[in-house]
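Novice: Residue numbers (this note's numbering): 682 to 755.
We treat Cβ as the ideally placed atom computed from N, Cα and C, and that holds for glycine.
For clarity, every value in this text was computed on a predicted model and none was experimentally measured.
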């Protein structure tokens, strides 16, 4: 399951993403929201990184990320 989270500030977000990227897949948007697998939440907590869970990722967000590889360029 994928969840949407938000970090309290940009510095925390940069630190978190630096630790998350090698371990988990996800997506960040310019509005400050980040989509991650639920397994990543325990990792963030164990690293002492603050975050707020917005809720489950809507189907539209999950499929938009999944379908990026299927986009053709003409």
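1) Leaving aside the five residues before and after residue 733 along the sequence, list all residues of the same chain whose C-beta is less than 7 Å from its C-beta, in chain order.
2) How is the alpha helix (DSSP H) around residue 693 delimited, first residue to last?
3) First and last residue of the alpha helix (DSSP H) that includes residue 723?
4) Using 10 angstroms around the beta-carbon of residue 719, count the other beta-carbons present and answer buried if the total reaches 16, otherwise exposed.
Specialist: A quick look at the data gives this:
1) 686 and 687
2) 691-701
3) 720-727
4) exposed
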